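At position 117 of the sequence shown the residue is numbered 117 (the UniProt record's numbering), and the sequence of numbers has no breaks. Notes follow once the structure below has been shown.
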Amino acid sequence: MCIKRDRKQHTLQVSQEKYIERVLDRFNVADAKPLGVPLQPHVKLSKDDCPKDDDATNDMKSVPYASTCGSLMYAMVATRPDIAHAVGVVRRFTANPGRAHWDTVKCILRYLKGTKSKCLCYGKGPLELKGFCDSNMAGDVDTCKSTSGYVYILAGGAISWCSKLQRIVALSTTVAEYISATTQ
Numbered sequence: 001m002c003i004k005r006d007r008k009q010h011t012l013q014v015s016q017e018k019y020i021e022r023v024l025d026r027f028n029v030a031d032a033k034p035l036g037v038p039l040q041p042h043v044k045l046s047k048d049d050c051p052k053d054d055d056a057t058n059d060m061k062s063v064p065y066a067s068t069c070g071s072l073m074y075a076m077v078a079t080r081p082d083i084a085h086a087v088g089v090v091r092r093f094t095a096n097p098g099r100a101h102w103d104t105v106k107c108i109l110r111y112l113k114g115t116k117s118k119c120l121c122y123g124k125g126p127l128e129l130k131g132f133c134d135s136n137m138a139g140d141v142d143t144c145k146s147t148s149g150y151v152y153i154l155a156g157g158a159i160s161w162c163s164k165l166q167r168i169v170a171l172s173t174t175v176a177e178y179i180s181a182t183t184q
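Right, here's the structure in full:
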């Protein structure tokens, strides 16, 4: 983790550029073409994408899926709220990942390649705490559960964030938003 303090601008920047570069090298995507978003809107991963026979299961055993997800989670927890939703989606399939799941993990890595220098930046100014939350309606294809997310910002930078599957099935967008606002 890199922390840069600019006394003149009264800012503090926290980044993980070196860590992300090591992760990209470790999982052989350092030379891949960067992507602009961590998770394409049309991507709907499900258990149907999991291996259905022994050959497909054995093929996926050589893929470092869990290790890659763990590396992504480390970056997400420390400095990268922008990948929280995408990482939350792919980690649901850690027990039995399929090729589509792995392709999506590689897309997140490609996104990080293009944004590895992004950082959390905290500045001088009023210490006003701001919070935002949102949800998607029935975003999980397998369970029809919605995903909630929140971020709290202080001094211009994120200090807490989360993206997680709701515990119950919301029957309307209003209920999904209410659950998101009251259970974070």
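Glycine included, C-beta positions come from ideal geometry on N, C-alpha and C. Note that this is a predicted model, so its numbers are computed, not measured.
Just the C-alpha distance for residue i and residue j, rounded to the nearest angstrom, thanks.
i: Met76; j: Ala84; result: 6 Å
i: Thr115; j: Thr174; result: 34 Å
i: Lys113; j: Asp49; result: 26 Å
i: Lys44; j: Phe132; result: 24 Å
i: Ile153; j: Arg5; result: 19 Å
i: Gln13; j: Arg22; result: 20 Å
i: Ser163; j: Gly139; result: 12 Å
i: Arg26; j: Tyr19; result: 10 Å
What residues are listed by DSSP as bridge partners for residue i?
i: Trp161; result: Val151
i: His68; result: Here residue 68 is Thr; the residue named in the question, His, does not match the sequence. Thr68 pairs with nothing; no bridge assigned.
i: Thr11; result: Asp6 and Gly123
Beta-carbon within less than 7 Å of residue i's beta-carbon, same chain only, minus the 5 sequence neighbours each way: which residues are those?
i: Lys124; result: His10
i: Ala86; result: Pro38, Leu39 and Ile108
Measure how close the beta-carbons of residue i and residue j come, nearest whole angstrom, since I'm counting them as under 8 Å.
i: Val169; j: Lys145; result: 6 Å
i: Asp142; j: Lys61; result: Incorrect: roughly 23 Å between the Cβ atoms, too far for contact.
Residues in its own chain within less than 6 Å of residue i by CB, not counting five upstream and five downstream?
i: Phe93; result: His101
| request: Would you check if there are 3 or more beta carbon pairs closer than 8 Å linking the stretch 133–146 to the stretch 62–81? | output: No: fewer than three Cβ pairs fall under 8 Å.
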